[in-house]
Every structure is written in structure tokens, then in C-alpha cells.
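**Student:** Counting from 26, one number per residue, gives the positions in the sequence shown under this note's numbering.
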Amino acid sequence: MVIHPSFFFTVAFTFLHSVAGMAQVTPLPAAKHKTIVIAHRGDHTKAPENTLAAYQNTIEDGADFVEIDLRTTKDSQLVIMHNATIDHMTARQGEIKNFTLDSLRKIKVREPLHPEWGVHTIPTFKEVLQLCKGKINIYLDFKEASVAQAYQEIIDAGMENHIVVYINEPHQFEEWGTIAPNMPLMISLPKAVKTTAEMNEVLHTFDVDILDGDYTEYNAETVAAATQKHIPIWADVQSKEEGPDQWNAALKLGLAGLQSDHPKELIQFLIKKGIR
């Protein structure tokens, strides 16, 4: 196929993943439901995002995965925060990498629009692993961290069979492939892929275990091609407009999983449709 400019970043994955020598399809964490529900930054409809309270909400919702964002402090401790800075979640400013863990723990997370939700502590990766163990799988958005350190904490928690990793940078693919070759890895679909032939070319070229990306980037043709190759698509439905119309459109495509800002409502929607 003709290589579109949007393939540039993904092309780097080809070389790195083939060098790592990973298996074609890695077994994914076991899930109870056919349609996977992923809570984006936890269920933050009644608690600030990426807090232990949001993750506990997700567990109580009955979601299959909770999505978390991993970053590293100045003193090399692994913590959870979506942005590189703490500006959007606290009353302070600055980058995570410039704070020690002790200093971060003194800074409280809050949701300005919902002061009734209270203040919360920025969680460590170890705390999240402990909370989720035996209760829910983890969708690890690997932002800025040491693969070796993260994987060791996963092993120590006994969670190695309950995590998938979303890759943001090519070097992460190489490192995960070398250090943890059995860890399922995920990338977003290149936006240029619109046909069966293009999807088949991607799946022939790129050794991926799961595809991500906004649900609007897929069509029936590309979803069918991925399904035939046994590569699940866990697409994003979270947006300001998220609701039944978006969920129905995504389900009509035959997507294997949906990442949502409203996991509880999505689960109830799926139950009413008789598909959960």
C-alpha cells in the first residue's frame, strides 16, 4: 500500500518489535465479558481521575479494565498522573519529574468543579497494583517510566497476567519486548488505514497484540480484517458527547472493547441490550 505520512511513527515500531522477536499474538488477560469495558482514568464521575477512589469506583462498576497513566518522580518512584504536570489536578504547578515522591504526597488532588469529592493523594503504582489485584485488570498507558522498574513492581504484585501496555514511544516497544516478551502490547491504528488491504498490510507488518484508536477511525472493513487475524480492537469512545449514540455506533462496527469516561452507564447500557 502507499505509505501515508501518519505511518512515520508506526514504522519505527516495525523494526523495534521485529528485533525484540515477540510472538505474533500474546494471550491477553482473562475477562468475563465478550465486550471489554475499560474505564478511562478510572470512573471519575464521582471522584477525581486517576485516584484510588476512581479506581475503586471502577471495580464496583464491574468494568473489565481500568486505564492508568504511569510517570516517574524526581527520585525514581512510579506514580499515576495523566499529564506531565500536576497543574490540571492540583492547586500547584510543575512537572512530575521535578518532584520527589514525598513532596508529591503532600500535594492533594481535587476536582475544582466538584469540591464535594474531597481531596486525594496522588497514587503510587504499587498502591494501584495492590488495589486492583484479584479485582480488575489494568490497561497501562506507559507515559514516562523505566520498563524494568515497572515490570518488577508488576511481578512483585503478582499482576503480570492481568495487564496490557499501551505504547507511546518506539523505544518502549523495544524495551518491553526485551524485558517482558509475554506482555501484551497495544498501539493506535495509523489513521491512513481505511481498507481491508491496508489493515492486512499493517497486521502483516506490525507485530501487535491489540489495536487502539478512536472508534471513528475504524470501519466495518478494517474491523473485519483485524478480527480475522484475531487482533482485538479496543477503541476509545470517551468524549464530551459520549453516550448511547456513540456506543451503538461503536458496537455496530463489532469492536471487541470500548474505553469510556462513563463505564458504569456503559455497562448498564450493554446489560439492557443483552450483550453483557
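Note that beta-carbon positions come from the ideal geometry of N, C-alpha and C, so glycine has one too.
A quick note: this is a predicted structure, and the numbers were derived from the prediction, not measured.
The beta strand (DSSP E) spanning G194 covers which residue range?
**Tutor:** It should be pointed out that residue 194 corresponds to Glu in this sequence rather than to Gly. That residue, E194, is in no beta strand (DSSP E); it is neither H nor E in DSSP.
**Student:** For V172, which option in C157, G159 and F150 has the closest C-alpha, if you only look at C-alpha atoms?
**Tutor:** Cα-wise, what sits closest to V172 is F150.
**Student:** Ends of the alpha helix (DSSP H) at S213?
**Tutor:** Segment L210 to S213 is the beta strand (DSSP E) holding S213; no alpha helix (DSSP H) there.
**Student:** Check each candidate in E169, E194 and E152 and name the one with the smallest Cα separation from D181.
**Tutor:** Nearest C-alpha to D181: E152.
**Student:** By Cβ distance below 7 Å, which residues in the same chain neighbour T83 in space, the five residues on each side in sequence not counted?
**Tutor:** Cβ within range, chain order: A64, G67, D68, V91, I161 and P288.
**Student:** Below 8 Å on the Cβ atoms is my guess for A249 versus L280; work out the distance and round it to an integer in Å.
**Tutor:** Incorrect: roughly 11 Å between the Cβ atoms, too far for contact.
**Student:** Could you give the distance in angstroms between the alpha-carbon of V134 and the alpha-carbon of P215?
**Tutor:** Their Cα atoms are separated by approximately 34 Å.
**Student:** Mind checking which residues open and close the beta strand (DSSP E) that includes I235?
**Tutor:** First-last of the beta strand (DSSP E) with I235: I235 to D237.
**Student:** Going by DSSP, name the residue or residues bridged to H145.
**Tutor:** Answer is V134, bridged to H145.
**Student:** Given a cut-off of 8 Å, decide if F124 and T98 are closer than it, judged by their beta-carbon atoms.
**Tutor:** Taking 8 Å as the Cβ cut-off, T98 and F124 qualify as a contacting pair.
**Student:** Indicate the three-state DSSP secondary structure (helix, strand or coil) for Y164 in the structure shown.
**Tutor:** Residue state, collapsed to three classes: strand.
**Student:** Give the DSSP-derived three-state secondary structure of E85 in the structure shown.
**Tutor:** Residue state, collapsed to three classes: helix.
**Student:** Is F294 helix, strand or coil by DSSP?
**Tutor:** Reduced to three states, the DSSP call for F294 is helix.
**Student:** How far does the beta strand (DSSP E) with I105 in it reach, from first residue to last?
**Tutor:** Run containing I105: L103 to I105, per the beta strand (DSSP E) assignment.
**Student:** When the Cα atoms are used, what is the spatial distance from A205 to I192?
**Tutor:** The straight-line gap from Cα to Cα measures roughly 13 Å.
**Student:** Do you know offhand how far N207's Cα is from D232's?
**Tutor:** Taking the straight line joining both Cα atoms gives about 13 Å.
**Student:** What does DSSP give as the partner residues of S285 in its beta bridges?
**Tutor:** The partner list for S285 (beta bridge, DSSP) reads A64.
**Student:** Could you tell me if K168 is buried or exposed, where buried requires 16 or more neighbouring beta carbons within 10 angstroms of its beta carbon?
**Tutor:** With 16 or more Cβ atoms within 10 Å of its Cβ, K168 is classed as buried.
**Student:** Quick one: what's L95 bridged to in DSSP?
**Tutor:** I105 and F167.
**Student:** What's the gap between the Cα of V218 and the Cα of Q284?
**Tutor:** Between V218 and Q284, the C-alpha separation is close to 21 Å.
**Student:** Please classify I296 as buried or exposed, where buried requires at least 16 neighbouring CB atoms within 10 angstroms.
**Tutor:** The residue in question, I296, is exposed, as its Cβ has fewer than 16 Cβ neighbours within 10 Å.
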